[in-house]
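Here the structure comes first, spelled out in structure tokens, and everything after it is commentary.
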Amino acid sequence: MNAHLKCLAQATAIALLWKVSATSAHEGMWMPGQIAEVGAAMREDGLQLDPAQLRRLDTGPLNAIVSLGGCSASFVSPQGLVATNHHCVFGSIQYNSKEGQDYLTNGFLAKSLGDELPAEPGSRIYVIEDIRDVTADMLKGVSDKLNGFARYQQLDTNRKALIAACEGQPNRRCDVGSYYGGASYYLQQKLEIQDVRLVYAPALGIGNFGGETDNWMWPRHTGDFGFYRAYVAPDGSSRPYARDNVPYGPKSWLRIASKGVQEGDFVMVAGFPGATNRFLTADEVRFNFADYEPLLQRLLSDYAAQINQATAGNREAQIRYAAILRGVENYKKKLAGDLAGADAIGLDARKAIEEKAFCDWVADDPARQARYGAAIRELDAMVAENSRASLKGLRQALLNRAQILSSARTLYRWAKEHEKPDEDRESGFQDRDRNETVDQLTQIELRYLPDIDRKLFEAALDEYRRLDAKDRDTAFETALDQIGLDRVYAETKLADTATRLGWLGKPATAFEASDDPFIKLAVALYPGDIAAERAKKDRAGRTQAPRATYMQGLRAYRQAIDQPVYPDANGSLRLTWGKITGRTRDGQIWMPFTTAEGLLAKHTGRGEFDAPDGVVAAIRAKDYGPYVAPALGTLPVDFMSTVDITNGNSGSATLNGRGEFVGLAFDGTLEGVISDWAPDADRNRSIHVDSRFMIWTMDKIDGAGRLLKEMGVRRAPRS
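Take full-length UniProt numbering: the final residue in the sequence shown is number 719, and no numbers are missing along the way.
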């Protein structure tokens with residue numbers, strides 16, 4: 001069946017009567033270079049800056065926006081102070097905590113620069129310096145004559161060459177991202193700051209007030225904020241932690257707004273959204289919600305329960321596994337929102353209608369039909385193959401829940417890759433990746449207990465064995481049976497950090513001769529790993545060509561019908577804007593702000609709703625100082641807006657129309673997470689912590705006057 005007939009078949013009588021919901025007026029995660037396209041709309045909504053200023057990376061506000069490599073953040077002082085979310089610094093709080101020094105529960109505040117603590121290994125601050133189009137360079141040597149694997153390899157070779165040239169400058173980290181399904185490619189050049197230190201994080205009863213119960217929910221009363229600082233060598237160069245390093249001086253930093261925001265105000269968010277999937281085909285979306293996400297959600301739910309059970313009653317274990325557990329809990333709840341949202345908005349029907357309309361537009365013109373007609377058919381031909389591999393891969397990846405096995409696999413792969421010239425090595429195993437690999441191997445030391453790890457590995461093995469025999473690794477299972485799980489944990493030496501790091505750089509022959517049980521398992525897994533990786537690359541190469549063509553057609557179609565045209569999120573710098581507004585839902589009215597009194601009403605003194613005594617006392621006394629919102633008559637905590645964000649935007653600075661800091665984006669609502677797949681103006685809301693609550697907490701609760709002065713904030717007079 002050709003692509004056009006397939007599309008016609010999808011349009012049932014019900015679908016023809018079904019009206020597609022209007023997309024959000026504020027839909028879009030825009031690249032800086034696209035601001036000219038939307039600047040007028042931003043001005044109409046309340047932007048007071050010249051839109052051209054939002055395209056520039058050499059001045060504020062955009063060059064104050066930084067990436068943490070998974071979260072977003074921003075410079076807020078000339079001494080390299082960085083504001084982000086509490087949950088983005090959570091790993092560093094956990095890393096520095098132990099029994100008797102429980103920063104997780106009690107919070108942390110450095111009284112001076114000398115008291116600031118090294119962040120968890122692997123922490124980086126990336127300052128964007130340049131974004132440029134490298135599409136022509138990426139597509140050199142790429143043609144339809146290449147098979148899938150060869151096409152992937154050519155693109156990978158081109159990408160590595162571009163990155164190597166970019167990183168010829170010292171202290172730079174570069175990446176090449178795929179946009180519009182591989183129709184375009186852009187290179188991001190970043191200054192990499194390697195010395196990151198924890199400066200301040202409020203108590204858990206502020207930074208994670210409401211816990212998982214309130215996660216993805218509204219009304220929200222969470223003070224989800226924390227601070228890092230960037231450090232460099234005295235000569236200004238980037239280097240790892242050293243006692244004589246000095247605070248980094250950014251080219252610009254965000255000013256804290258002297259006047260807070262209110263309902264109806266324009267706000268914008270700049271950050272690094274991780275991934276959206278708004279432009280997949282109808283069949284791809286159907287597979288995700290029928291098969292992939294339900295399995296992943298169950299696996300994560302089981303994993304969270306296993307961690308809770310294994311660490312119950314053991315505070316040391318709970319501290320060590322806190323960051324892992326929080327990430328698992330967060331994502332599994334998000335997936336539940338995805339699945340419920342897809343049903344609520346009729347996503348299958350919506351995608352079918354959208355795809356039919358696109359196909360009709362293609363079929364109406366012979367030139368368009370010749371150029372784009374086969375793309376959907378070719379993509380759909382890959383769905384079954386990609387789908388089976390994806391489901392299999394979910395269970396195969398469970399083996400890495402054994403943290404020492406994961407490390408052993410990394411170490412052996414490093415040894416095998418270093419038998420090749422650097423330019424031929426797999427990404428992640430080149431010389432440029434050594435520091436990150438060391439950090440990855442080091443992180444385990446405060447997130448691992450052998451008894452807990454074994455329980456989690458046993459549960460993972462039970463799930464892994466549910467795979468068909470042909471999809472399991474026979475060599476691995478044979479090796480594990482011969483060694484036995486008792487010996488694996490009793491005889492390994494890799495749990496010791498120095499020993500683990502000592503294997504980095506040893507030849508592959510040393511691994512193959514080793515008696516360490518985890519190394520034996522890693523060696524057994526290696527041939528299967530390589531075969532699976534090659535097959536994945538072949539599928540990716542065969543998918544890339546029709547995907548790029550499909551996206552070229554979809555962009556042209558959306559332009560023709562006056563719909564927003566922007567690439568899916570991919571971890572690159574984006575800007576989005578909206579307005580502060582609430583939402584109505586069945587039987588409820590969501591007001592756009594929450595208040596200190598609402599926090600007090602939720603406070604139980606137990607579990608997830610246990611605010612610190614100082615917070616409770618100050619709210620009861622209404623000791624709010626100058627931080628009251630006039631329209632509310634009280635202290636605001638959080639607010640919601642229509643800005644378009646997703647994972648990776650956590651910690652993104654929220655700015656007013658003048659480009660001033662008014663808060664931090666930290667979450668969305670469970671009803672709105674489906675916007676990762678299909679923007680919906682009614683459901684989509686983002687949640688921000690209000691800068692007035694941040695400053696109040698720093699001033700009235702934690703005594704962080706040193707930081708407020710550094711940020712240029714005037715403190716309330718002492719009573």
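Virtual Cβ for every residue (Gly too), placed ideally from N, Cα, C. Just so it is clear, the structure is predicted and the values come from calculations on it, not from any experiment.
The three-state reading of DSSP puts Ile561 in coil, since its state is none of H, G, I, E or B. Boundaries of the beta strand (DSSP E) harbouring Glu129: Ile125 to Asp133, taken from the DSSP string. The shortest C-alpha to C-alpha distance from Lys332 to any of Arg298, Lys351, His688 and Ile580 is the one to Arg298.
As the crow flies, the alpha-carbon of Ser572 is around 10 Å from that of Val176. With a contact defined as Cβ atoms closer than 8 Å, Met29 and Arg574 qualify at about 4 Å.
The continuous alpha helix (DSSP H) containing Glu284 extends over residues Ala282 to Phe287. When the beta-carbon positions are compared, Val662 and Val261 come within less than 9 Å of each other. Going by C-alpha positions, Val89 is about 16 Å away from Val328. In this structure, Tyr303 lies near Leu456, with their beta-carbon atoms less than 9 Å apart. Burial check for Ala513: the Cβ neighbour count within 10 Å stays below 16, so the residue is exposed.
Just measuring C-alpha positions, the residue of Gly651, Asp682, Ser686 and Phe693 sitting nearest Cys71 is Gly651.
Here Lys140 carries a coil assignment [DSSP, helix/strand/coil].
DSSP assignment within the segment 444-471 yields the following whole alpha helix (DSSP H) runs of 4 residues or more, N-terminal first: 450-464.
Looking at the DSSP output, Gly177 bridges to Tyr186. Judged by DSSP in its simplified three-state form, Tyr248 adopts coil rather than helix or strand. Scanning the segment 579-665 for uninterrupted beta strand (DSSP E) segments of 3 residues or longer gives 583-585, 588-590, 593-595, 636-641 and 653-655, listed from N- to C-terminal end. In the structure shown, Met29 falls within a coil segment according to DSSP collapsed to helix, strand and coil. In the structure shown, the three-state DSSP call for His688 is strand. Ser77 and Leu254 have their C-alpha atoms spaced approximately 7 Å apart. Leu480: member of the alpha helix (DSSP H) spanning Thr474 to Ile483, first to last residue.
Excluding sequence positions up to five before and after Arg583, its CB lies within less than 7 Å of the CB of Trp590 and Arg685, all in the same chain and listed in chain order. DSSP places Val66 in the strand class (E or B) of the three-state scheme.
Burial is judged here by how many other beta carbons sit within 10 angstroms of a residue's own beta carbon; Thr549 has at least 16 and is buried. When Cβ pairs closer than 8 Å are counted between the two stretches, the segment 407-424 is seen not to touch the segment 459-476, the count staying below three. Residue pairing for Gly226: DSSP places it in a beta bridge opposite Thr84. Under DSSP, no beta-bridge partner is assigned to Gln169. With distances taken between CA atoms, Tyr231 lies nearest to Ala119 out of Ala164, Gly148 and Ala119. Beta-carbon to beta-carbon, Asn649 and Pro32 are separated by about 15 Å, too far to satisfy the 8 Å threshold. If you draw a straight line from the Cα of Ala531 to the Cα of Ile93, it comes to about 39 Å. Spatial neighbours of Arg658 in its own chain (CB-CB distance under 6 Å, excluding positions within 5 residues in sequence) are listed in chain order as Gln48.
Rounded to the nearest angstrom, the Cβ distance from Ala270 to Leu501 is 37 Å, too far for a contact under 8 Å.
Ranked by Cα distance from Lys251, the first of Asp214, Tyr152, Ile128 and Asp343 is Ile128.
Taking C-alpha positions only, Asn330 is separated from Asn215 by approximately 7 Å.
In this structure, the straight-line span from the alpha carbon of Thr669 to that of Asp680 is close to 12 Å. Note on the segment 315-398: whole alpha helix (DSSP H) runs with a minimum of 4 residues are 315-320, 322-345, 347-363, 366-372 and 375-396, in chain order.
About 6 Å separates the Cβ atoms of Leu707 and Tyr200, confirming a contact at the 8 Å cut-off.
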